[in-house]
Amino acid sequence: MPVARVSNVTKVYDAEGEAVTAVDGVSMAVEPGQFLALMGPSGCGKSSLLHILGAMDRPTRGDAWIEDTPVHRLTEEELTGLRRTRIGFVFQFFHLLPTLTVEENVAMPLLLTNGRGVDRRRVGEILASMGLEHRRASPPGQLSGGELQRTAIARAVVHRPALVVADEPTGNLDSENGRVVLELLAKLTEAGTAVVMATHSAEAAAFAGRTLRMKDGRLQ
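Pasting the structure below:
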């Protein structure tokens, strides 16, 4: 079963009273353990499609599923629960909470999911896999750009999601730190996690096992 799939989805936004079609009749599927890159220039619709695949947004028309769950039929409360349990998110801007330590930021999805406690062993395993053990007590303000993004990836996968969506994850990093982050994303697929990344960079897309190009809201 695909981890995520969309069927003939279209997304239309209202831009100052004018209807703008960001995604135009797209159908595709993401398989378990696949690293898929959505590539194209700014404004081509890749981020809008990524948001639909990651259940962050609903299509205007068409159908979307996470595994066997029809995203297009869920309530907002059900969507929130789905995102917290089955999906991880990595963005260009790290969105870490500045008053929490690295360890506390990474543990947050577990706390939100079960509301009772945090599996500290799991958090420690993820920090070690990201090379962040020595930074576990540090606040985000003391981290380098690469460390910030590795913390964001650790937070995205600590709850063992089926799908990780990454929107321009290397956009704020130098080439060396960008390479490290892309290698970490590729490594996630070894355990069966699917990764979908939106990028305008051919160098970043080269780390993916499959690349789909977008133009004017459509797959090429």
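If you're matching positions, the sequence shown starts at 6 in my numbering and goes up one per residue.
Even glycine gets a Cβ: it sits at the ideal position worked out from N, Cα and C.
Query, Result
"Given 8 Å as the limit, is there contact between the stretch 185 to 197 and the stretch 73 to 81, that is, 3 or more CB pairs closer than that?", "no"
"For the beta strand (DSSP E) that contains ARG10, what are its first and last residues?", "9 to 20"
"Taking the alpha helix (DSSP H) that SER53 falls in, what are its first and last residues?", "51 to 58"
"Determine which residues share a DSSP beta bridge with ILE92 and list them.", "LEU168"
"Based on DSSP bridge pairs, tell me the residues matched to THR216.", "ALA42"
"DSSP on MET61, reduced to helix/strand/coil?", "coil"
"With distances taken from CA atoms, which of ALA24, LEU54, TYR18, PRO166 is nearest LEU217?", "LEU54"
"Can you look up SER32 in the DSSP assignment and give me helix, strand or coil?", "strand"
"Under 8 Å: do the stretch 31 to 38 and the stretch 85 to 95 share three or more Cβ pairs, one atom per stretch?", "no"
"So what's VAL123 in DSSP terms, helix, strand or just coil?", "coil"
"With DSSP as the reference, please indicate the residues paired to ALA203 in a beta bridge.", "LEU43, ASP172"
"For GLY136, does the three-state DSSP call read helix, strand or coil?", "coil"
"Pick out whichever of GLN39, GLU181, PRO145, MET6 has its Cα sitting closest to the Cα of PHE98.", "PRO145"
"Cβ of LEU58 within 8 Å of Cβ of VAL11?", "yes"
"Rounded to whole angstroms, what is the Cα-Cα separation between LEU105 and PRO114?", "13 Å"
"According to the Cβ coordinates, are ALA161 and PHE94 closer than 8 Å?", "yes"
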